[in-house]
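Trainee: Under mature numbering (1 follows the signal peptide of the UniProt record, and there is no 0), read the sequence shown as residues -28 to -1, 1 to 732, first letter to last.
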Amino acid sequence: MIIPQYRRFPVSAITLLICGMFLSSADAADKKTVTGAQIYQKLCIECHAKNGQGVTEKANPFQGQKSLAELTMLIEETMPEEDPELCEGEDAKQVAQYVFDRFFSPDEQDQSQASRIQLSHMTVRQYLYTTADLMSHFLGNARVTNKENGLRAEYFSTRNFKGDKRVEKRIDPVVSFQFGDKAPHEKIKNAEEFSMKWEGSVYVEETGDYEFIIKTENGARLWVNEQEPIIDEWVSSQGRAKEHKATIRLLGGRPYTLRLHVFKYKDKSSSISLEWKPPHKAQEVIPQRHLVPQQVPGTFIVSTEFPPDDSVSGYERGVAVSKSWDDATTSAALEIMTGVIKHLDRLAGTKPEAKDRRDKVQKFCHRFAELAFRRPLTAEQKTFFVDQHFQPELKTELAAKRSVLLILKSPRFLYTDREFAQPDDFTIASRLSYGLWDSMPDRQLYDAAKAGRLNKPEQIAQQAERMLNDTRAQAKLRYFFHHWLQLDEKEELAKDKALFPEFNDHVVADLRTSLDMFIDDVVWNGSSDYRQLLLADYVYMNSRLAKVYQVEMPEGESFQKVSLDKDKRAGVLTHPYLMANFAYHNLSSPIHRGVFVTRRLLGRSLKPPPQATEFKDGDFHAGMTTREKVAQITKPSACMSCHSIINPLGFSLEHFDAIGRYRKQEVKKDINASAELVLLTGDTVKFNGARDLAEYISQDQNAHAAFVDQLFHQAVKQPINAYGEKIRDDLTTRFEKSGYNIQQLLVEIMKVAALHQPQS
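1. Taking all protein chains shown into account, decide if S285 is buried (16 or more other Cβ within 10 angstroms of its Cβ) or exposed.
2. Grab me the residues of E48's own chain with a C-beta within less than 6 Å of its C-beta, minus the 5 sequence neighbours each way, in chain order.
3. What did DSSP end up calling M525 once you bin it into helix, strand or coil?
4. From E183 to K253, what distance separates their C-alpha atoms?
5. V291 to R97, Cα distance in whole Å?
6. Please work out which residues of its chain come closer than 8 Å, Cβ to Cβ, to P581, disregarding the five sequence neighbours upstream and downstream, and give them in chain order.
7. According to DSSP, is G407 part of a helix, a strand, or is it coil?
8. Relative to the alpha-carbon of F472, which residue among E600, I631 and M309 has its alpha-carbon at the smallest distance?
9. Just curious, the alpha helix (DSSP H) that D477 is in, first and last residue?
10. Given a cut-off of 9 Å on the beta-carbon distance, is the pair R572 and I617 in contact?
11. Pair every Cβ in the region 195 to 206 with every Cβ in the region 142 to 158, then say whether three or more of these pairs are closer than 8 Å.
12. Are there three or more Cβ pairs, one per stretch, closer than 8 Å when the region 425 to 438 is compared with the region 129 to 139?
13. Grab the span of the alpha helix (DSSP H) containing Q715 for me, first residue to last.
14. Using only CA atoms, which one of W456, F452 and L483 lies nearest to residue 777?
15. Name the DSSP beta bridge partners of Y127, please?
16. When the Cα atoms are used, what is the spatial distance from A594 to V602?
17. Could you tell me the alpha carbon to alpha carbon distance between A372 and D397, rounded to whole angstroms?
18. In chain order, what residues of the same chain have a beta carbon less than 6 Å from the beta carbon of A421, not counting five sequence neighbours either side?
19. Going by DSSP in three states, F385 sits in which element: helix, strand or coil?
20. Give the straight-line distance between the Cα atoms of V680 and G407, rounded to the nearest whole angstrom.
21. Going by C-alpha distance, which of R142, Y70, F151 and T271 is nearest R115?
22. Please state the DSSP three-state secondary structure of F679.
23. Excluding the 5 residues preceding and the 5 following R415 in the sequence, name in chain order all residues of the same chain whose CB lies nearer than 6 Å to its CB.
24. Pairs of beta-carbons, one from the region 176 to 191 and one from the region 221 to 232, closer than 8 Å: are there three or more?
25. Just checking, does the region 343 to 351 make contact with the region 133 to 144 on the three C-beta pairs under 8 Å criterion?
26. Exposed or buried, what is G424 when buried is set at 16 or more other beta-carbons lying within 10 Å of its beta-carbon?
27. What does DSSP give as the partner residue(s) for A218 in the beta ladder?
28. Got a sec, what are the start and stop residues for the alpha helix (DSSP H) L366 sits in?
29. Any contact of the region 329 to 341 with the region 374 to 392, i.e. 3+ C-beta pairs under 8 Å?
30. With DSSP run on the structure shown, which of helix, strand or coil describes S242?
31. Give the single residue among Y418, A662 and N514 whose Cα lies nearest to the Cα of G528.
32. Can you tell me the Cβ-Cβ gap for I643 and E626, rounded? I've got them flagged as a contact below 8 Å.
33. Could you tell me the distance, in whole angstroms, from the CA atom of R212 to the CA atom of G191?
34. Taking Cβ positions, are E600 and P620 nearer each other than 9 Å?
35. Given a threshold of 16 other Cβ atoms within 10 Å of its Cβ, counted over all protein chains shown, does S92 qualify as buried or as exposed?
36. Quick one, are the C-beta atoms of K238 and E189 less than 9 Å apart?
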């Protein structure tokens, strides 16, 4: 049984699953003499353990806050799970009083559940972003200022890109052409010989491995974030179009320089298509919205594989230290060191023959260490990390190698916040940058720290608001929403081809893009209102999705905002991607959807099911609806302790089938999306479909606090309770007063985290 939180109580729910030995007949005959502690010893300890820490697969630890009245009601009505009649009336009051005094009184909560800020190293994501930005400080930042989309295109009447043979210069929205035996431009008179080049940058939104594909029968080269081509096929395919592929890792929220060169010489035909396969997406022509004509400096990206971060707390944290992690940091340091030596003169602003080259390289190492440690160096640190290596007997390159390796293996670099005293401006700068960007401070933030302009709440807010305009903040928010909505917990989203033949990989990719565009629109445009995530009556669709979901819209491949019937759709809650994600391959799944709403949107915890029960569609009578099947399989009292919450939430979403398409009937029966959720206070919440559920969640203070919790944890990578027992409530109040502004909530979170002084 899960005790839901109500009103202002903390989001983490309390699980009371009292099961175990029954009272002996002698005990039952003398109930008046039995104390609450004795009842707990006989009925509760088997599942909850002596100190309320819970027994694996039986009960979670006691946590959160509950009134004595609520505990009494719960125990009297539902406990022990097998036979609630064993503990009623005075017995229920006695054990409730004991449980409350022992585990839930304010004093006990303060002593037993005081969260601690843990010493944490960078997460894998933070390491990748930090090292990229560290090198970019010297090599140039990849920032796009041009708002135009597409690539700069040049067409030549010769195969050698001679400047005097250029016949056309323009912006092409995408690269996808079938020229056949014709020339690509009317000014090219000889269709047997010509060349083309496209240059600019490609913007990626998500971190991961990107596969780039060139389809052509002609000679071609492709550069992406590299000085050397990742695809080099500078020979024709003798008239047969081929696919040429290469995969590279890219970091989300950044542009990467891109160049594509193609030539034709006496081939029978000509065509070119520039495509990619991003993480979690299908192969497609690179869309115009991801291309810009401006070129940017290259970004250094570490290729070393790190072990996964610890995520037992529900979010990634750098608290686990292992040999594999230490080995990975060494391998990555060697990789970065190699990159530094390769570009040493460029990084140090010198030349191989310069007389002062050694001095400039030494100064570069000083600056490299300062940026890596995110604060100025002391005289002792300069000597230890840099100067001691630049002895006359050591070559400059060897001295630089030793210095860079020592810097990158230092805890001063690997651990983002090692300060346990009053934070200074540099600590505050680091907390801000890692909270909003998962990376080191930029020049403007670092300069503010040096000037002592980061120790007041209003100064922190000003910097945070500036930093939210950076694409790195947008990438981190995208990462948070994917985690919040559990988008990446399934490796593949596939459906029954006989029932849903139109639901293919391209539709899945389009749905994910649609959801991302919807979230971006809510968060970054207008009021950034959390409630609109749940209540908005529009989605982004292209023509392919419109056909699948029977939505009328103008023809075209590009995505457009389409308004829907608000009585049928409700923001992310009913987005087809989420509805399909929380469904079986052939059926909707009220259980999966109800669990998602319970845990992620309402912030309640659920215990593992008492027994593994597989949902087998063939075990039910023909003609039963999915709702009827779920009601039947979860009818046992052992199941209903959780499913009394899960089922009503899931049933309210039954208008959506396995691919998230709206329906009025199932197996020739009208859909029943009505439901009642009984709260421990005795109040009953009634839903009649998804819109009612969305309205309830959007107004529920526990849902607001749950969102605050999860955003705090993703930003700060520390437990919110460690920042004060009232911080959750304070942040939730500020969130509500701001009109549920998500961007402003992030600013408030950073003000709390940046100025926090851990208690000794």
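Glycine is no exception: its CB is placed at the ideal position from the N, C-alpha and C atoms.
Mentor: The answer reads as follows:
1. Translated into the one-based positions of the sequence shown, residue 285 becomes position 313. Residue burial is scored here from C-beta neighbours: S285 has fewer than 16 other C-beta atoms within 10 angstroms and is therefore classed as exposed.
2. Here residue 48 corresponds to residue number 76 of the sequence shown, with the count starting at 1. So the list reads E60 and A64, once near-sequence residues are dropped.
3. On the sequence shown, position 553 is the one that residue 525 refers to. M525: coil per DSSP, three-state reduction.
4. As a first step, residue 183 must be located in the sequence shown, where it is residue number 211. As a first step, residue 253 must be located in the sequence shown, where it is residue number 281. Across the structure, E183 and K253 are spaced so that their CA atoms are roughly 11 Å apart.
5. Residue 291 sits at position 319 when you count from the first residue of the sequence shown. Residue 97 sits at position 125 when you count from the first residue of the sequence shown. If you draw a straight line from the Cα of V291 to the Cα of R97, it is about 14 Å long.
6. Position 609 of the sequence shown, counted from the first residue, corresponds to residue 581. Hits under 8 Å: C611 and C614.
7. On the sequence shown, residue 407 is found 435 positions in, with the first residue counted as 1. The answer is helix: DSSP assigns G407 an H, G or I state.
8. Here residue 472 is taken as the residue at index 500 of the sequence shown, counted from 1. Ranking the options by Cα distance to F472, first place goes to I631.
9. Indexing the sequence shown from 1 puts residue 477 at position 505. Residue range D477 to W496 is occupied by the alpha helix (DSSP H) that includes D477.
10. Counting from one through the sequence shown, the residue named residue 572 turns up at place 600. Counting from one through the sequence shown, the residue named residue 617 turns up at place 645. Their beta carbons are not under 9 Å apart, which means R572 does not touch I617 by this criterion.
11. The region 195 to 206 is not in contact with the region 142 to 158.
12. No, they do not touch.
13. Counting from 1 along the sequence shown, the entry for residue 715 is found at position 743. Residues I714 to L727.
14. The structure shown has nothing for residue 777, since the chain only spans -28 to 732.
15. Taking the sequence shown and counting its residues from 1, the one referred to as residue 127 is at position 155. Residue pairing from DSSP places Y127 in a beta bridge opposite E140 and M168.
16. For this step, residue 594 is matched to residue 622 along the sequence shown. For this step, residue 602 is matched to residue 630 along the sequence shown. Taking the straight line joining both Cα atoms gives about 14 Å.
17. For the purposes of this step, residue 372 is identified with residue 400 of the sequence shown, where counting begins at 1. For the purposes of this step, residue 397 is identified with residue 425 of the sequence shown, where counting begins at 1. One C-alpha to the other measures close to 29 Å.
18. Position 449 of the sequence shown holds residue 421. Closer than 6 Å at Cβ, skipping near neighbours: D397, F398 and A401.
19. If you number the sequence shown from 1, residue 385 lands on position 413. Helix at F385.
20. Taking the first residue of the sequence shown as 1, we reach residue 680 at position 708. Taking the first residue of the sequence shown as 1, we reach residue 407 at position 435. Between V680 and G407, the C-alpha separation is close to 14 Å.
21. Sequence index remark: in the sequence shown, residue 115 carries index 143 (1-based). Among R142, Y70, F151 and T271, the Cα nearest to that of R115 is on T271.
22. On the sequence shown, residue 679 is found 707 positions in, with the first residue counted as 1. Secondary structure of F679 (DSSP, three-state): helix.
23. Here the question's residue 415 lines up with position 443 in the sequence shown. If we look at R415 and ignore the five residues flanking it on each side, it has no Cβ neighbours.
24. Yes, since at least three Cβ pairs between the region 176 to 191 and the region 221 to 232 fall closer than 8 Å, the two stretches touch.
25. With a cut-off of 8 Å, the region 133 to 144 and the region 343 to 351 do not count as touching, because too few Cβ pairs lie within range.
26. Within the sequence shown, residue 424 is the residue found at index 452, counting from 1. It counts as exposed.
27. Counted from its first residue, the sequence shown places residue 218 at position 246. According to DSSP, residue pairing for A218 in a beta bridge involves F184.
28. As a working mapping, residue 366 is identified with position 394 in the sequence shown. Where L366 is concerned, there is no enclosing alpha helix (DSSP H), given that its DSSP letter is neither H nor E.
29. Output reads yes: the region 374 to 392 touches the region 329 to 341.
30. Against the sequence shown, residue 242 aligns to sequence position 270. Residue state, collapsed to three classes: strand.
31. As a first step, residue 528 must be located in the sequence shown, where it is residue number 556. With distances taken between Cα atoms, G528 lies closest to N514.
32. Counting from one through the sequence shown, the residue named residue 643 turns up at place 671. Counting from one through the sequence shown, the residue named residue 626 turns up at place 654. Correct: roughly 5 Å between the Cβ atoms.
33. Taking the first residue of the sequence shown as position 1, residue 212 is located at position 240. Taking the first residue of the sequence shown as position 1, residue 191 is located at position 219. When the Cα atoms are used, R212 and G191 turn out to be separated by approximately 11 Å.
34. Along the sequence shown, one-based indexing puts residue 600 at 628. Along the sequence shown, one-based indexing puts residue 620 at 648. Result no, Cβ atoms of E600 and P620 do not sit closer than 9 Å.
35. Position 120 of the sequence shown holds residue 92. Answer is buried; the Cβ neighbour count reaches 16.
36. Numbered from 1 along the sequence shown, position 266 holds the residue referred to as residue 238. Numbered from 1 along the sequence shown, position 217 holds the residue referred to as residue 189. Cβ distance not < 9 Å, so K238 and E189 don't count as in contact.
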